[in-house]
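Order-wise, the sequence lines are chains A and B. Sequential numbering of the first sequence, starting at 1, is according to the numbering used here. Sequential numbering of the second sequence, starting at 1, is according to the numbering used here. Think of the CB as a built atom: it goes at the ideal place given N, C-alpha and C, for glycine as much as any other residue.
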Amino acid sequence: MTKLKICRRDRSLTVAARNRRQSRDPQGAVGALLLAASIAIAPLSAQTTVIRNATIMTVTKGTLKGSIVVKDGKIAEVGEKVMEPAGAKVIDAGGQYVIPGIIDCHSHIAVDGSVNEGSVSVSSMVDIKDVINPEDIAIFRALAGGVTTANILHGSANAIGGQTLVLKMRWGKDAQGLIFEGAMPGIKFALGENPKRAGNPQGGRGATVVAEARYPATRMGIEDTIRQAFNEAKAYKAEWDTYNAKVAGGEHLIPPRKDLKLEPLKEILEGKRYIHAHCYRADEILMLIRVADDYGFKIRTFQHVLEGYKVAKEIAAHGAGASTFSDWFNFKVEAIDAIPYNAAIMQKYGVVVSMNSDDAELMRHLNTEAGKAMRYGGVSETEALAMVTLNPAKQLGIDNRVGSIETGKDADLVIYDKYPLSDFAKVQKVLIDGNLYFDRDQDVTGRAARQAEKQKLLDKEKQNQQRQQPPRRPGA
Amino acid sequence: MKIPLTALLLLCACAAAQEPSAVAVRNARIVTVSGPVIDKGTVVLRRGLIEAVGANVAVPPDAMVVEGEGLIVYPGLIDGLSTWGMPGAAATTTAGRGGRGQTTPTPSAPAMPAATSTRARGPEDRPATTSWLKAADEISPTDRRIETARSAGFTTAVTFPTSGIFAGQGAVIDLLSGHKPGEMVVASPAGQYISLSRGGGFGGGMGGSFPGSVMGAIAYIRQIYLDAAHYQLVKEAYARDPRGMTRPEYDRALEGVLESKQILLPANRLVEIDRMLRFAAELKQRAILYGARESYRPEAADLLKKAAAPVLVSLHWPEAPRDANPEDVESLRTLETRDQAASAPALLKKAGVLFALYSDGLDQPHDLQRAVKKAIDAGLAREDALRALTLSPAEIYGVADRLGSIEKGKIANLVVTKGELFDDQTKVQFIFVDGRKYTPAAETPATGGRGPVTEGPGVNQ
């Protein structure tokens with residue numbers, strides 16, 4: 001760790017200096033000062049923050065002791081010594097650590113109602129975007145665990161599941177305010193036990209309803225379901241392409257019927273939508289790669305992918321990412337061959353690997369999940385940290401915006417009191433777009449007041465219940 | 001000619017409606033709602049309409065006179081979203097949650113045709129849809145709740161089929177007894193009732209029908225409107241020139257959607273209000289939101305105001321569950337909602353949002369009175385409470401030209417009370433529906449049947 005810090009420090013310094021020159025030099029040094037001063041007077045100054053004296057783990061540019069300047073929601077400068085704009089809000093992070101906001105590539109929080117539209121094997125017509133619940137307390141808890149961005153997925157009950165989207169954990173904003181602007185939309189696919197058992201009265205646990213079994217009930221059937229869906233999608237795409245060509249040629253035609261199930265699949269064929277495929281076993285991973293090759297689309301990420309280490313070469317060759325668990329195994333029959341070295345091995349074969357949570361609780365300590373990759377497989381500190389920051393950002397196609405601490409990127413930053421990959425580290429502050437969304441001190445001091453408010457309401461309710469007489473029933 | 005009042009009272013002892021040529025309520029305090037209160041005046045009703053109202057209105061010689069000294073006359077109350085008069089509705093509930101596979105099947109309304117008997121495999125099977133169903137065609141005049149509700153001062157209900165996602169089209173009906181259903185209808189159709197749960201089903205998972213989730217229901221509704229637009233396009237093209245063109249298949253689900261000029265969308269929580277307002281805008285439909293439990297939150301009122309969307313606020317105020325596990329800790333939001341829900345009407349009024357109150361399963365006069373009183377105690381002015389149960393629902397459904405206030409030419413729906421309406425001690429003396437006079441029935445104990453409790457439109461847990 002120390003070695004890394006020393007050798008990279010100079011480089012990031014020069015980068016910072018270069019950026020500074022580029023952005024302000026036209027007016028010379030005095031001009032820069034004047035500019036800084038004028039900004040300090042403008043209302044925008046409220047959006048300028050400096051994090052001082054921290055150990056900064058940038059992920060892409062090493063680790064250094066220094067400061068970060070945040071301006072207008074972006075990282076304006078990172079370095080040992082920075083130009084602190086006058087009037088900037090200062091966060092003294094002496095003895096503390098700053099990492100890029102954690103990104104969870106597989107989450108189901110902030111969803112109203114079921115995360116599964118389990119009635120059909122192809123539920124691509126449903127969209128998580130329609131049921132974002134910005135008031136889900138899991139968002140706040142994820143934030144308190146250092147997560148700033150999460151890929152919110154449909155469940156795994158269907159071979160082809162619902163549409164997914166990327167959210168920032170901007171606790172307090174409305175549904176639209178959470179959406180990661182411009183992030184590529186996705187779709188959930190699922191292979192193996194979940195999609196074959198869901199909707200299958202014989203296979204589903206606790207199934208008491210006598211109903212028609214949903215196709216498919218086997219892994220063969222899942223492949224067939226996906227192929228059938230893409231056959232339909234191709235025909236649908238052809239129908240629209242023909243229509244669009246004719247309309248472009250001046251013909252007046254009734255457009256084909258818009259099919260919400262096939263629209264997202266058409267987008268996949270056009271490369272406008274990412275596939276995040278839930279999977280466990282090596283055979284099903286290979287199956288999906290073959291299907292994708294046959295139909296000419298790409299799998300963006302394999303999710304969970306616990307046997308990914310067996311087919312890492314093939315995953316890398318396809319260009320897919322892998323988002324896995326650190327050390328979960330044996331929780332179901334298809335997870336028997338899981339090993340904690342999975343992430344490290346896949347990475348060694350050139351796969352972009354991330355650690356995901358799939359769970360609101362695990363989501364709160366993804367930093368230690370990343371740390372496990374150092375213990376199992378011996379990846380470096382930076383590589384481990386990248387598994388919950390830069391790598392998921394790459395998998396979601398948002399690494400131009402987030403995933404590392406670099407000038408120009410979104411100021412999504414997490415301040416830990418101790419070494420962030422340790423169990424003992426606690427998140428102190430979380431910034432998203434430069435705004436403070438979580439402050440541990442504030443939260444802790446506010447707890448008593450919230451508890452009192454709650455107790456007041458409970459007492460009031462109890463009092464009312466006692467005072468309330470039983471409703472009179474005249475005539476009864 | 002003047003008929004002695006005692007003789008009249010004898011005649012109407014059985015609470016059956018009288019049909020004299022004209023009725024005059026005189027010397028009463030008249031709360032017109034649309035105009036100033038007349039401290040002492042007369043209302044004359046003839047042929048089911050208000051013939052005259054004012055402080056100096058002469059009693060016509062042929063009118064039956066009701067001595068109003070010490071009484072107050074109000075416009076008949078309107079239930080802005082009801083199932084009164086709908087067959088079998090008392091046994092149904094839309095509280096099905098469609099959540100994480102936890103819902104138990106609820107019995108479907110016996111008299112309502114089931115949308116589909118087999119499992120729906122997608123939007124094309126038109127699941128849980130009876131959009132073509134019209135409340136006006138389904139009225140059951142023998143619904144016992146009609147008399148109960150009337151005894152609470154309700155003369156009108158905007159009643160809907162409520163089973164399914166596209167449940168069907170409502171009707172504004174007058175709460176008459178012993179008349180033909182056709183005579184009860186004031187306006188039809190009044191809009192399409194939409195819910196986000198199937199009102200049954202198995203949560204979608206284990207062999208359930210599509211849709212089994214809120215997002216599934218939303219996707220389905222979106223597809224229906226896309227299909228309806230396409231259907232209309234094709235139909236119009238075919239009507240222009242059928243030669244050489246394949247005839248479009250008749251789709252009653254889409255027909256029902258196309259003829260609905262406004263839709264009712266469920267939204268209780270702030271999150272849902274935001275979601276449904278956006279959804280209505282996306283669908284380009286005039287929408288009325290119902291439920292509105294969290295509309296006490298200022299953000300909700302702002303959203304509604306900005307969207308200029310009318311809202312129906314449930315009178316079924318949230319209460320602490322009676323059989324809750326005492327170990328369970330409820331969230332601050334849940335507690336806050338229970339504490340403040342009844343202040344929503346006052347807040348909406350202040351924000352300038354058009355709103356009406358609706359019974360939401362309450363039908364006993366005492367329960368309804370108490371529920372309205374709760375809103376008044378939480379800051380709603382008495383006259384605004386009255387408006388939310390008279391002129392406002394009439395405006396929302398476009399029938400303010402005939403209902404909702406005591407004005408010359410409007411339908412003769414009145415409630416005459418001793419004491420101010422919504423007060424605990426107040427007694428309803430007479431109710432006039434279409435000019436027909438009723439006396440309130442003695443309050444009967446609840447039958448157990450409760451109408452649609454919009455506890456969870458669109459999974460509100």
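7 Å CB neighbourhood of residue i in its chain, flanking five on each side removed
| i | result |
| --- | --- |
| B/A388 | P345, F355, A356 and L357 |
| B/V353 | A301, L304, K305 and V311 |
| B/I396 | G80, I288, P310, L354 and A356 |
Proximal residues to residue i (C-beta, below 6 Å), its chain only, five neighbours per side dropped
| i | result |
| --- | --- |
| B/A351 | A301 and K305 |
| B/G153 | L77, V415 and V428 |
| A/S123 | E117, N158, G161 and G162 |
| B/R145 | W84 and D363 |
| B/L421 | Y74 |
9 Å Cβ cut-off: residues of chain A touching residue i
| i | result |
| --- | --- |
| B/H230 | I254, P255, P256, R257 and K258 |
| B/D227 | R257 and K258 |
| B/I218 | V126, D127, D130 and V131 |
| B/R126 | Per Cβ cutoff of 9 Å: no residues; B/R126 is ~14 Å from chain A at best. |
Assumed close pair residue i, residue j - CB separation to whole angstroms, cut-off 8 Å
| i | j | result |
| --- | --- | --- |
| A/G308 | A/I285 | 7 Å |
| A/G66 | A/I56 | 6 Å |
| A/Y419 | A/Y215 | Not a contact, Cβ separation roughly 51 Å. |
| A/Y437 | A/A425 | So it is not a contact: roughly 18 Å between Cβ atoms. |
| B/I221 | B/I165 | 7 Å |
| A/V352 | A/Q395 | 6 Å |
| B/G170 | B/A190 | 4 Å |
| A/Q347 | A/E383 | 7 Å |
Residue i - DSSP class collapsed to helix/strand/coil
| i | result |
| --- | --- |
| A/F180 | coil |
| A/A190 | strand |
| B/F202 | With a pLDDT of 40 at B/F202, under the threshold of 50, the predicted position of this residue should be treated as unreliable, and no value is reported. |
| B/L49 | strand |
| A/D459 | helix |
| B/P113 | Bear in mind that the predicted position of B/P113 carries a pLDDT of just 42, short of 50, making it unreliable; the figure below should be weighed with that in mind. In the structure shown, B/P113 sits in coil (DSSP, three-state: anything other than H, G, I, E or B). |
| A/T49 | strand |
| A/A42 | Residue confidence is low: A/A42 scores 38 on pLDDT, short of 50, so the model does not pin down where it sits. Its coordinate-derived value is still stated next. Residue state, collapsed to three classes: coil. |
| A/T324 | strand |
| B/T417 | strand |
| B/A441 | coil |
| B/Y397 | coil |
| B/E67 | strand |
| A/G371 | helix |
| A/A335 | helix |
Beta-carbon neighbours of residue i, restricted to chain A and to distances below 7 Å
| i | result |
| --- | --- |
| B/F210 | S119 and V120 |
| B/R222 | L260 |
| B/V234 | I254 |
| B/A462 | In the structure as shown, chain B starts at 1 and stops at 461, and residue 462 of chain B therefore has no counterpart that could be examined. |
Closer than 9 Å at the beta carbon, the chain B residues around residue i
| i | result |
| --- | --- |
| A/D483 | In this structure chain A extends from 1 to 476, so residue 483 of chain A is not present and cannot be described. |
| A/N158 | Near A/N158 there are no residues of chain B at all, since even the closest Cβ is about 10 Å away, more than 9 Å. |
Chain B residues whose Cβ lies nearer than 7 Å to that of residue i
| i | result |
| --- | --- |
| A/G162 | M215 |
| A/D174 | D274 |
| A/N194 | By Cβ distance, chain B contributes nothing, its closest Cβ being about 11 Å from A/N194, past 7 Å. |
Any non-hydrogen atom of the ligand MG closer than 6 Å to residue i Cβ
| i | result |
| --- | --- |
| A/F140 | As presented, the structure is devoid of all ligands, the ligand MG included, so that no description of it is given. |
Contacts of residue i in chain A (Cβ-Cβ under 8 Å)
| i | result |
| --- | --- |
| B/G164 | The premise fails here: B/G164 is roughly 15 Å from chain A at the closest Cβ pair, so nothing lies under 8 Å. |
| B/G122 | V120, M125 and K261 |
| B/F190 | A quick correction: the sequence has Ala, not Phe, at residue 190 of chain B. Chain A residues near B/A190: none, gap ~27 Å exceeds 8 Å. |
Close-in-space but distant-in-sequence residues of the same chain around residue i (CB under 8 Å, 5 per side omitted)
| i | result |
| --- | --- |
| A/E193 | Y280, K332, V333 and E334 |
Where residue i meets chain B, residues with beta-carbon distance less than 8 Å
| i | result |
| --- | --- |
| A/N244 | Going along chain B, no residue has its Cβ under 8 Å from A/N244, so there is no contact; the nearest lies around 16 Å. |
| A/N367 | Per Cβ cutoff of 8 Å: no residues; A/N367 is ~27 Å from chain B at best. |
Near-chain A residues of the segment 369 to 384 of chain B - C-beta to any C-beta below 8 Å | R370
Looking at chain A, which residues of the segment 321 to 350 of chain B have a Cβ within less than 9 Å of any of its Cβ atoms?
-> V329, E330, S331, L332, R333, L335, E336, R338 and D339
Could you name the residues of the segment 129 to 141 of chain A whose beta carbon sits closer than 7 Å to any beta carbon of chain B, in the order they occur along the chain?
-> D130, V131, N133, P134 and E135
The segment 251 to 281 of chain B: which residues have C-beta closer than 9 Å to a C-beta of chain A, in chain order?
-> R269, L270, V271, E272, D274, R275, R278 and F279
Give, in chain order, every residue of the segment 436 to 470 of chain A whose Cβ lies closer than 7 Å to some Cβ of chain B.
-> R450, E453, K454, L457, L458, K460 and E461
Scan the segment 409 to 430 of chain B for residues whose Cβ lies nearer than 8 Å to a Cβ of chain A and list them as they occur along the chain.
-> none
Chain-ordered residues of the segment 97 to 111 of chain A with a beta carbon less than 7 Å from chain B = none
Please list the residues of the segment 373 to 394 of chain A that have a C-beta atom closer than 8 Å to any C-beta atom in chain B, keeping them in chain order.
-> none
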